[in-house]
Amino acid sequence: MKLYTGIDFPINKCDNVGLPQFPAGAMENYGLILYKYQLIPYNEDTMTTLERVEAARVICHEVSHQWYGDLVTARWWDNLFLNEGFAAYYMRYLMGKSFPDDAEFVDTTMLSLDREQALKQDAGPTTHPLIAPDGPYFDKITYKKGSALLRMLSDVMGPEVLQAGVQHHLKSHEYGVASHVDLFASLTDGYKCFSRVFYDDESLKSVLEKIRTEDVPIGVKITLVGDEVALIERQETKGLPYSYDRLLNILTSVYNTPSTNDPSFTLADLVLPQMEFFASLLRDSIDAPLINRFFNKAFGKVYRSSLWTETTKAWNANSFKYAFLPYAVKHSVGDAPEMAKEIYKTIYNNCMSRQSKNGTSWCAGVPTDIHRAAYCGAAKYDNEIASNFASLMNFYNGEVQVNPYFFQEYRALMEGMACTERASQLRIVIRLFLSSPLKPTMLFDWLKANPKASDALYSYMKGKPESIAQYEGLSAYLDTMTYNWRSTRRLQQYMELHNKVLELVPNMNDATKKIFLKYEERIKKNIEWSEKHMPAIMRWMYDNLVVIGRDPWTKRLSGIIRPERYDVEITPYIPGSGKYYVHRNLTFDGNVKMTFTVTAETSEIVVNAHRLMINTDSVVLQKDRNERIEVSSTEITKDYENGILTIPVVGKLSPGNSYTLSISYFGFIFDKPFHQGADINYNFYEFNGKQGWIFTTDFEGGPGSRSLLVCCDEPSYKAKFKISVRHAADMTALSNMINTGTVVSKDGWAVTSFKESPVMSTYLLAICVGHFASLSAVSESGVLVRAFSWTGMEKYADFSLKVMAGTVDYMTKYFNYDFPLSKLDMVALPQHADAGAMENWGLILGNYKSLMVDMDYADANALGRVAIVLAHEVVHQWFGDLVTLDWWSDIFLNEGFAQYWSHYGMTHTLPEQKGYMEHYRFISTTKALINDCKENTWPILSVEGGLFTTAAYLKGSALLNTLSNTISAETLQKGLRKYISNKAYGNVKPNDLWDSLTKACDEDKVKGWNGKNLDVATLMKAWTTEKSFPILKVEHNLKTGKVTYNQESCLGSKNSNITWYIPVRSEEKGRDGEELNWFYGRDGSSPWWTMSYPPRRVDNVRRTAFVRMKYDTRTWASLVRSIHIAKDPITVGTILDDAWFFLS
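Using this note's numbering, the first residue of the sequence shown is number 345, and each one after it goes up by one.
Structural data, given as structure tokens:
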């Protein structure tokens, strides 16, 4: 201070005295400073770095007062900040000069401890002017705002100019008094705003991106967190809307920077309480596991094991460990739990080796800054015999006896024991806290982050209501017990306890009654707050901490639960006539009642649910529709990686009974239709230019139907659906079945109900709500066909109707099986999760570009694309919807069939386009051949992956074409008719198809390569379970003069051990018609595949086999001379395409 002020200390001594029972923190008496003893000594065995910093802060503050307050004294109490504000500011200066290695730490803590706290109070009801005529105010305005304003002046004026002004002020008024007017006369006018900075969404996004990619100064990040918290508080106070997304994004960005070597304590001191706030919202719910994911996302990059073992004297590094590591242990950040146990093992061994009975402070042997984290880990992750907790209690009992003045170590031991989650140990902790002389608020605060503590406190109070009601720390006790409670179940639980206490303590005083009522109201407010804000917060959690979806979900259900029927009501909240609170926008409410049986005795219900907020209080299980069965609602768990919900049952469920499970929940509508699941679409009306909104679903991939309702979301779990949709009354609701009526209710809402569906797979469920108009027709086979789109676009659906109706008639007649539903709808959407469409049973949904055309402007390509897509989805109504694959590895049974028969459906409807369709099939097969010769290709049937690929679609279609040309179209038709009739409303595997076709071959005497009736399964095995396809190499042997054939995989040596049974159709000069011959083995195994040169035939006529023909130079020359043998353009195209492929 002498160097800074230019004024010597005016007294020849400065005494500092610590008193054991001093009433205040300290008093700056001129030359004789008095302190509360516990604030100024530093015991390295018990005290942490932060406590060392606090001691330095107090001393530097009082020493600063010798100049600011004692040498020059405020003229009157309204100018108290001239004493306290100056001392608060210059204590930081003194600390930075005294500990230069920690100067940055000192400066950044000023931002959080002074500036942030001052800003918060200065925006609240207790604020007042810094110059306060009705003072004095010994509060944060006087101390911290005063300090922050001096820092602001230093930033603007420059530290040298400020120093010169302060020197002038002190010298002008030494040994006298001064006012703020005197101070300002000594300083240069000018200031940097003492204010908040609020970014708009785009600006904030840019700042966060810069933090993640380049980083920014620590002060910017500290201010960013503080300002955003202040913005939320301001908006909430004013009743204005705000989003927690912004704060969540900030919290998970500020430590995810390129440099993570020296994480800031000051920033952590702001971030960690906000992280805990969000954790408290989830801790008492089934989504509590997301807390650990949240902390790992925020701190996973900055955490490292060496935080536990590296030693340093830097205040920032040690303070960060002290603040952060207990959170890391509690929330399993990295290997923190394991490291905590290892550190405690070290402490234990060190103290046991020295036979300690006097606590741990003198024998721990590890830095004090990590003690409480180590003790927490030891208690939370204790071994089976609970030896850690027992040793912690012994250490505590010793420590509390030998260190009454240095309480830091036994307090750390108590805080560590508060991490235990065992009920018996928590009872010990509660008893310890109740008898402790320490402040109840501090003690019970340690239990708030313990997920088991609230129930332990409840049980303890339930057992001893009278003693707890009379406890002086009752408010702290109830505060912790109800801290995480925000459900109706918890409110009822609290009210029952409250009533019991009132019965047992009839003479309870009014103050105690008010305390009980205070926390009852707190729970009610928590419930109200959660209903308003949790939808948006949980959307962020699911979007950022949980997988969006999988293609497909790989973990399968056990098969014990067998659904028979779902009664489902969905309420989507999208802009329309229906009124709802803004926080519900783009969410939906759901209620499902699943009727099911079990195939084996079980004590749990395992079903699928994903991205759904389950109301566990709503879960109701009944047997035979009336007998209530208890479920363990507090033990319900989610498997986020697999979208599985497990509901424990009290007792057993047994085969032979019918059960119903009812659940209420809410879910989230994606704001972009690119994730599948429940999506939003938007449109603009041609007639008025206004925007409209559409709710739609797509469940074949991504999140799946488990993101709309609790269900068994696998293709093999077929059940009936009874759907009702509550929607804006000015909109139309559509689903798989025809609607049975719409009832309009108040506030702009309506409910549309739909006829019960036949049994179907969950992925085929569909709901669509919007402002729709439609065109309708009835097919020749009597099916109502409707084409919907947003109002004004339906005029482009006439062509769509024609293709849909025609394909329905073709499928009905060709396969001799009527369309099983009463209607078939199509909705053309402005956006859709994929570029094509989805074959939901009775309700095809897709992108308008693939489902409608403007006949005035469409070219042949546009017409062909729309016709193919529509026909494809109509074919699915039989192959995929009526007869459904058993698992996604067999997707060929859906997509290969839809791809193949869509050509026939279109040709039936538009017979004049037969040539176009032949060309389209040729192009599709060409694409399949190109893709199937790449290293990353997949087999048609694969359990490893590659499901929705060209192999399943295009290669699958090509192989059906091969089958048709091998066994004849008539035999294929016969086999597929039986396949459909036998497997209707069921699930199939490839062998079901092969068996049906083999039986048809037996009936029609279709022979295979061995002269026996064709075994289709054997024929198709290599084609469907192996990668790639065969190349038939045609070569002229100059020594023998013969032309020979050989097969090899298009992938060459990487697939060299595979051979295919190849049915090859050929045309030979001098013969009429085509001839079918089998090629099997390496060389064909038949004289047909050896001939004299030059050959006079063309093989693979009409590309009926999924192969390529490769000719050597001499056989190619011969083929060119004989190409006139080919009678059709497809064969010529095949020859040229194969040649170009090998040339390329």
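We put the beta carbon where it would ideally sit given N, CA and C, even for glycine. The structure presented is a predicted model; accordingly, all values stated were derived computationally and were not measured.
By a beta-carbon distance limit of 8 Å, residue 1168 contacts residue 1148. Their separation comes to about 6 Å. Short of 6 Å from the beta carbon of residue 645, and not among the five residues preceding or following it, lie these beta carbons of its own chain, in chain order: 600, 604.
Counting only the Cα atoms, residue 713 lies some 13 Å from residue 691. For residue 942 and residue 997, the gap between their C-alpha atoms comes out near 7 Å. Cα atoms of residue 846 and residue 525: separation of roughly 60 Å, rounded to the nearest angstrom.
Counting only the Cα atoms, residue 445 lies some 47 Å from residue 867.
Pairing residue 905 with residue 1119, the inter-Cα distance amounts to about 42 Å. Between the region 509-524 and the region 546-553 there are fewer than three inter-stretch CB-CB distances shorter than 8 Å, so the stretches are not counted as touching.
Here the alpha carbon of residue 1232 sits roughly 10 Å from the alpha carbon of residue 1333.
By DSSP's assignment, residue 1391 forms a beta bridge with 1376. A straight line joining the alpha-carbon of residue 412 with that of residue 396 spans about 24 Å.
Shown here, residue 1484 sits in a helix according to DSSP, grouped into three states. A direct Cα-Cα distance of roughly 7 Å separates residue 464 from residue 574. Only residues of its own chain outside the window of five on either side were considered, and among them 705, 706 have a CB closer than 6 Å to the CB of residue 389, listed in chain order. Counting along the chain, no alpha helix (DSSP H) covers residue 911; the unbroken beta strand (DSSP E) around it starts and ends at 905-916.
Annotation: residue 1183 is outside any beta strand (DSSP E) and is labelled neither H nor E by DSSP. Burial is judged here by how many other beta carbons sit within 10 angstroms of a residue's own beta carbon; residue 358 has fewer than 16 and is exposed. Rounded to whole angstroms, the gap between the alpha carbons of residue 1066 and residue 1442 is 58 Å. Only buried fits residue 1475, as 16 or more other CB atoms lie within 10 angstroms of its CB.
When the Cα atoms are used, residue 1027 and residue 1015 turn out to be separated by approximately 13 Å. Per DSSP, reduced to three states, the secondary structure at residue 1112 is strand. Put simply, the backbone Cα of residue 1300 is about 8 Å away from that of residue 1239. With respect to the 8 Å criterion, residue 758 and residue 778 are not classified as neighbours on the basis of their beta carbons. Contact between the region 1156-1173 and the region 1181-1191 is established, with three or more Cβ pairs separated by less than 8 Å. For residue 1367, the uninterrupted alpha helix (DSSP H) run begins and ends at 1360-1369, by DSSP. By the CB criterion at 8 Å, residue 1453 and residue 1482 fall inside the cutoff. Residue pairing from DSSP leaves residue 824 without any beta-bridge partner. Under DSSP, residue 850 forms no beta bridge with any residue.
Contact annotation, residue 984 with residue 1048: C-beta distance approximately 14 Å; criterion of less than 8 Å not satisfied. Per DSSP, residue 659 is one residue of the alpha helix (DSSP H) stretching across 659-674.
Taking the C-beta atoms as reference points, residue 459 is found no nearer than 8 Å to residue 450.
A residue is called buried once 16 or more other Cβ atoms fall within 10 Å of its Cβ, and residue 926, having fewer, is exposed. Judged by DSSP in its simplified three-state form, residue 1327 adopts helix. The count of Cβ pairs closer than 8 Å, one atom from the region 657-675 and one from the region 911-922, stays below three, leaving the stretches out of contact. With contacts defined by Cβ atoms closer than 8 Å, residue 1134 and residue 1163 do not form a contacting pair. Only residues of its own chain outside the window of five on either side were considered, and among them 527, 530 have a CB closer than 6 Å to the CB of residue 513, listed in chain order.
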